[in-house]
Amino acid sequence: MLVNRSPATFLSRRYVHSLGNLKMDIPQIHSEADGAIGTMGQIHLAAGKQVAMRQWREDPGQYSESHCRDYETVGFLLTGVIEIELDGGKATIEAGDSWLVPEGAPHRYRIVEPIVAIEATSPPACFGDRDEMDSITHKQHTS
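Here the sequence shown is numbered in numbering that gives the first Met the number 0, starting from 0 and rising by one per residue.
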């Protein structure tokens, strides 16, 4: 259902979603300044019932612990360099590259140069009472 709170401006339009007893007033346009900071340091951007976006700004560091998620992730690297280990292979992701991490796939990453990246998750990594930290399963990495 589309609710227009002010006919004078497009920026105030919002979608209102109802999932049983859970009702969420979701902005149709979402700025970085409006984003909440997630438990892993990401900035939550627009989110709906089926997909959510988040922004990452991270500095170089060691490989993350290998883990799996109960959602699919696609990403686009705006700036920087990332190394990712996934499905027994290793890839270098540079600015302008995109990636897919399938649901349940063990993976880990290392930030090589400071990054800004946008990811979308489906189903949403964070929605209502669901938090992305609840969806992590740590796996022993074999490489």
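We put the beta carbon where it would ideally sit given N, CA and C, even for glycine.
Predicted model only: the values in this text are computed from it and were never measured.
Burial state of I81 is buried, judged by a 10 Å Cβ sphere holding 16 or more other Cβ atoms. K89 has E84 as its beta-bridge partners, per DSSP. Following the DSSP letters along the chain, one finds E57 inside the beta strand (DSSP E) bounded by residues A51 to E57. At a Cβ-Cβ threshold of 8 Å, M39 and A45 do not count as neighbours.
Within the DSSP secondary-structure output, G79 pairs in no beta bridge. Taken atom to atom, the span from the alpha-carbon of Y70 to that of E57 is near 22 Å.
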